[in-house]
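Chains as they are written, first to last, in my numbering: chain A, 4 to 676; chain B, 616 to 763. Just so it is clear, CB atoms sit at the ideal spot from N, CA and C, and this is done for glycine as well. It should be emphasised that the depicted structure is a prediction, and the values quoted were computed from it without experimental measurement. First comes the structure, then the notes that go with it.
The following block contains the structure:
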């Protein structure tokens, strides 16, 4: 099994290398047969990698402990689901998984566009194959997931219990889909540079791929935060850890890219920006993988130091320099069709948006690599921690929020100050009213007050876009409001989908501001019958209960929760869990208390409870947090998904155009990507 | 030739008062970024020291540092009531170099199994290292013991 798997990887490497060379040469020399054989090699690499992945999964399922990777990442008594997810539980396997996803993207792109973009596609396939070859070389020479042990152990080491959790099963594939997904728009951009076909064709071809990758990146970042919040039991969701930051960086440049291409499609401007942003996004995605795997930056997340660090660095250097050289070669041809006319214009707002996102990216990147820089330059290792990131990102993200609001208001080309003031009046008033109400409610910290009222301002701008559009349609056509709203969105899905995403982002921003500014914390040691108080809740400890099965032992603290009027709300059960596989590693199971009868626990704040310790004498050490508005972050993420889906969904008009004449297609069938 | 005309074109655009506005605007934004980055960096520096540096140099009382080392598992004393964790951190390359750590705060689940830890805090006049932040290699730390 191990040998077969390794052979599959070696053959996949050969196919990918051949595909890259054949597509490139074939297209250069105008030899369609060579391009066709390169295309087949792309499919072959995809097939071989699929085989390798299936073989490794199969080895997990049959407990083939002769394979080192299987022995180190699974054991006999693991549930089947986690045996499968062990595929990406470790270093070599997750690299294989990553490469496989990349090969599936390459295969899909090469297949779906076989008849379109004849000038671009061979280059796209070639670039994707080069990227794939790099990972395959790593797998073949430095991180073989099918490496054999000299003996066969009776049982494996098992998967860390913290990873045996649904969130952790979903989170890595999700992030990988995002990381790897940005390869597609990058490859198309490189194809545009290579072929000299620099019109907006490559942007239109990749719009959905970009949205899809961006969606997965967004989800990866939020799911990671949620997993940390629910599972790790420290009361927070984001620690500005280097690896977390690394997943955030491509999201930032990717978001800027999504916006920047709008200007190119509408006005033929910012073409160099698009190229720069997608090149950065791709390389930051690879950088993320590098940080996680090289151990170069001390992180709580990284794999232990591995030998592939330098290889990654070399690849980043190559792809960055190569991409930039291609870009400089075409620089003259990428001049905008128009010049910026006025500072008060949508174009300028988009440009400012690009600058701000790039600024945020640079600031976070700077903080991330600061320890390496200082060691290299001054010989001392210095870090900047969470205070640095909070201090730089708060003003930048506030500026991004404000730009978001203004950008939606301002017209293309130019806008007069007087008309801008007129359209600002309503949303700004909403923001001011919100500030006053919040002040009266006791929100008095200036940054929180400013941030939250900005959210209301931007929210008001966004909602008004929907309101005015719906109203105009209703007046014009007499459609009922609900129909008018639906048709408004359907007529311009990318735009209104984008606005829905904005609503989600605003909600999440409010959640972040609230939870960062107003977290409360309390700790107490309670004997049975004793109580502690936090944020208008009274918690009475009623002793422990214990649960035991063949896998684990669970010790729960039973807490009766009352509100400040003394009304009983329900029972909270923070716990410690002991897996017998890992008796030395107790797991904290935080309880986020919710009660239907107390709406604030559902919508406004989390009562987050941790059992720190259970003493043999029957006392419990408890820590309690009030985390305001954390829920809004997760709700914001859901709205963001919905908005992205709306933006990416094939439009009715588009579907009609694409159906080839004479080819009957069932009504309502989705167009392909 | 084409290059020369491109240069002239660029010069003309720079001289254009309309573009000048964008250049000035861009410069202001850049300056703001630089200022933000500089102040934030200088106000949040934490020096990273190894245990032998801590012992050799003597860290002044009150200076905030980060120190990494191996945990002496036998030394761990945890007072859950007072939420205080005390243990000895040693230099894995020279186990005789040890510092005594007092930590108050949440103890991550992974502390108990992790061989290494990074502590952030400062020396107090009593000469023990009082930490208020702990980073442990995280659960998603995929690679644990290797099978030999």
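**Item:** Cβ contact check for the region 167–182 of chain A and the region 100–108 of chain A: 3 or more pairs under 8 Å
**Value:** By the Cβ rule, the region 167–182 of chain A counts as touching the region 100–108 of chain A, because three or more pairs are nearer than 8 Å.
**Asked** What is the DSSP secondary structure of residue 235 (chain A), counted as helix, strand or coil?
**Response** Locating residue 235 (chain A) in the first chain gives position 232, where the first residue counts as 1. DSSP places residue 235 (chain A) in coil when its eight states are reduced to three.
**Prompt:** So, helix, strand or coil for residue 241 (chain A), using DSSP?
**Reply:** Position 238 of the first chain, counted from the first residue, corresponds to residue 241 (chain A). It is coil, neither helix nor strand.
**Request:** For residue 262 (chain A), name the three-state secondary structure that DSSP assigns.
**Result:** The residue you call residue 262 (chain A) lines up with position 259 of the first chain. Helix, per DSSP.
**Request:** Return the first residue and the last residue of the alpha helix (DSSP H) that residue 634 (chain A) is part of.
**Result:** Within the first chain, numbered from 1, the residue matching residue 634 (chain A) stands at position 631. Per DSSP, residue 634 (chain A) belongs to the alpha helix (DSSP H) from 633–651.
**Message:** With distance defined between alpha-carbon atoms, name the residue in A:506, A:134, A:218 nearest to residue 326 (chain A).
**Reply:** Residue 326 (chain A) sits at position 323 when you count from the first residue of the first chain. Of A:506, A:134, A:218, the residue nearest in Cα terms is A:134.
**Message:** Within a Cβ cutoff of 6 Å, which residues of the same chain sit near residue 216 (chain A), ignoring the five residues on either side of it in sequence?
**Reply:** Position 213 of the first chain, counted from the first residue, corresponds to residue 216 (chain A). The answer, listed in chain order, is 181, 184, 185.
**Request:** Using a Cβ-Cβ cut-off of less than 9 Å, list which residues of the region 637–664 of chain B approach chain A; keep chain order.
**Result:** Listed by position along the chain: 637, 640, 641, 644, 645, 647, 648, 651, 652, 654, 655, 656, 658, 659, 660, 661, 662, 663, 664.
**Prompt:** At a cut of 8 Å, does the region 555–565 of chain A reach the region 613–622 of chain A through at least three beta carbon pairs?
**Reply:** With a cut-off of 8 Å on Cβ pairs, the region 555–565 of chain A is in contact with the region 613–622 of chain A, counting three or more such pairs.
**Message:** Mapping the DSSP letters down to three states, classify residue 730 (chain B) as helix, strand or coil.
**Reply:** In the second chain, residue 730 (chain B) corresponds to position 115, counting from 1. If DSSP states are grouped into helix, strand and coil, residue 730 (chain B) belongs with coil.
**Prompt:** Taking buried to mean at least 16 other C-beta atoms within 10 Å of its own C-beta, is residue 295 (chain A) buried or exposed?
**Reply:** Locating residue 295 (chain A) in the first chain gives position 292, counting from the first residue. Burial call: buried.
**Message:** Assuming the contact rule is C-beta atoms closer than 8 Å, residue 252 (chain A) and residue 263 (chain A) should be a hit. Round their C-beta distance to whole Å, please.
**Reply:** Counting from one through the first chain, the residue named residue 252 (chain A) turns up at place 249. Counting from one through the first chain, the residue named residue 263 (chain A) turns up at place 260. Contact between residue 252 (chain A) and residue 263 (chain A) does not hold, since the beta-carbon distance rounds to 16 Å and is not under 8 Å.
**Asked** Quick one: Cα of residue 175 (chain A) to Cα of residue 93 (chain A), how far?
**Response** Here the question's residue 175 (chain A) lines up with position 172 in the first chain. Here the question's residue 93 (chain A) lines up with position 90 in the first chain. Cα atoms of residue 175 (chain A) and residue 93 (chain A): separation of roughly 11 Å, rounded to the nearest angstrom.
**Message:** Quick check on the DSSP output: the beta strand (DSSP E) that includes residue 579 (chain A) runs from which residue to which?
**Reply:** For this step, residue 579 (chain A) is matched to residue 576 along the first chain. From DSSP, the beta strand (DSSP E) with residue 579 (chain A) extends over 578–582.
**Request:** State the DSSP-derived secondary structure class of residue 693 (chain B), mapped to helix, strand or coil.
**Result:** The sequence position of residue 693 (chain B) within the second chain is 78, counting from 1. DSSP places residue 693 (chain B) in strand when its eight states are reduced to three.
**Item:** Limits of the unbroken beta strand (DSSP E) element including residue 384 (chain A)
**Value:** Numbered from its first residue, the first chain carries residue 384 (chain A) at position 381. Secondary structure note for residue 384 (chain A): its beta strand (DSSP E) is the uninterrupted segment 384–387.
**Request:** Compare the C-beta of residue 189 (chain A) with all C-beta atoms of chain B and state if any pair is closer than 8 Å.
**Result:** Here residue 189 (chain A) corresponds to residue number 186 of the first chain, with the count starting at 1. Chain B, which has no Cβ nearer than 8 Å to the Cβ of residue 189 (chain A), makes this no.
**Request:** Residues of the region 680–706 of chain B with a CB closer than 8 Å to any CB of chain A: list them in chain order, please.
**Result:** Cβ contacts with chain A come from 681, 683, 693, 695, 696, 698.
**Asked** Just checking, does the region 626–642 of chain A make contact with the region 515–534 of chain A on the three C-beta pairs under 8 Å criterion?
**Response** Pairwise C-beta distances place the region 626–642 of chain A in contact with the region 515–534 of chain A, as three or more of them are shorter than 8 Å.
**Request:** Pull up the CB-CB distance for residue 640 (chain A) and residue 225 (chain A), whole angstroms please, since I reckon it's below 8 Å.
**Result:** In the first chain, residue 640 (chain A) corresponds to position 637, counting from 1. In the first chain, residue 225 (chain A) corresponds to position 222, counting from 1. Their Cβ separation, rounded to whole angstroms, is 4 Å, which keeps residue 640 (chain A) and residue 225 (chain A) in contact under 8 Å.
**Request:** Could you pull the start and end residues of the beta strand (DSSP E) that residue 561 (chain A) belongs to?
**Result:** Within the first chain, residue 561 (chain A) is the residue found at index 558, counting from 1. Unbroken beta strand (DSSP E) run through residue 561 (chain A): 555–566.
**Item:** Beta-carbon contacts of residue 277 (chain A) that lie in its chain and below 8 Å, excluding the five residues immediately before and after
**Value:** On the first chain, residue 277 (chain A) is found 274 positions in, with the first residue counted as 1. Correct list, in chain order: 192, 206, 260, 263, 264, 267.
**Item:** Three-state secondary structure assigned by DSSP to residue 256 (chain A)
**Value:** Looking up residue 256 (chain A) in the first chain gives position 253. Assignment of residue 256 (chain A) by DSSP, reduced to helix, strand and coil, places it in the helix class.
**Item:** Where residue 57 (chain A) falls, given that 16 or more other Cβ within 10 Å makes a residue buried
**Value:** Residue 57 (chain A) sits at position 54 when you count from the first residue of the first chain. It is exposed - the Cβ of residue 57 (chain A) has fewer than 16 other Cβ atoms within 10 Å.
**Prompt:** Along chain B, which residues have their Cβ under 8 Å away from the Cβ of residue 346 (chain A)?
**Reply:** Taking the first chain and counting its residues from 1, one reaches residue 346 (chain A) at position 343. Neighbours of residue 346 (chain A) on chain B, chain order: 636, 637, 640.
**Request:** With DSSP as the reference, label residue 713 (chain B) as helix, strand or coil.
**Result:** By one-based count along the second chain, residue 713 (chain B) stands at place 98. The answer is strand: DSSP assigns residue 713 (chain B) an E or B state.
**Request:** Check the Cβ-Cβ distances between residue 271 (chain A) and every residue of chain B, and say whether any is below 8 Å.
**Result:** Locating residue 271 (chain A) in the first chain gives position 268, where the first residue counts as 1. Closer than 8 Å: no.
**Message:** So the candidates are A:210, A:213, A:248, A:211; which of them puts its Cα closest to the Cα of residue 227 (chain A)?
**Reply:** Counted from its first residue, the first chain places residue 227 (chain A) at position 224. Residue nearest to residue 227 (chain A) within the set A:210, A:213, A:248, A:211 is A:248 (criterion: CA-CA distance).
**Asked** When DSSP builds the beta bridges, which residues end up paired with residue 688 (chain B)?
**Response** Counting from 1 along the second chain, the entry for residue 688 (chain B) is found at position 73. In DSSP, residue 688 (chain B) forms no bridge with anything.
**Residues, ordered as in the chain, of the region 46–79 of chain A that lie near chain B by beta-carbon distance below 7 Å** = Of all residues in the region 46–79 of chain A, 71, 74, 75 have a Cβ within less than 7 Å of some Cβ in chain B.
**Message:** Under DSSP, the alpha helix (DSSP H) around residue 706 (chain B) begins and ends at which residues?
**Reply:** Walking along the second chain from the start, residue 706 (chain B) turns up at place 91. Segment 699–706 is the beta strand (DSSP E) holding residue 706 (chain B); no alpha helix (DSSP H) there.
**Prompt:** How about residue 688 (chain A): is its C-beta nearer than 8 Å to some C-beta of chain B?
**Reply:** For chain A, the structure presents residues 4 to 676; residue 688 (chain A) sits outside this window and is missing.
**Message:** Once the 5 residues before and after residue 743 (chain B) are set aside, which same chain residues still bring their CB inside 7 Å of it?
**Reply:** What you label residue 743 (chain B) is simply residue 128 of the second chain in a count that begins at 1. 715, 717, listed in sequence order.
**Asked** For residue 737 (chain B), which beta-bridge partners are listed by DSSP?
**Response** On the second chain, position 122 is the one that residue 737 (chain B) refers to. Partner(s): B:745.
**Request:** Using a Cβ cut-off of 8 Å (strictly closer), state whether residue 5 (chain A) contacts chain B.
**Result:** For the purposes of this step, residue 5 (chain A) is taken as the residue at position 2 of the first chain. Chain B has no Cβ within less than 8 Å of the Cβ of residue 5 (chain A).
**Message:** What does the alpha-carbon distance come out to for the pair residue 304 (chain A) and residue 707 (chain B)?
**Reply:** The sequence position of residue 304 (chain A) within the first chain is 301, counting from 1. The sequence position of residue 707 (chain B) within the second chain is 92, counting from 1. For residue 304 (chain A), the predicted structure reports a pLDDT of 48, less than 50, and the residue's modelled location is therefore unreliable. A value from the coordinates is still provided. Rounded to whole angstroms, residue 304 (chain A) to residue 707 (chain B) spans 21 Å at the Cα level.
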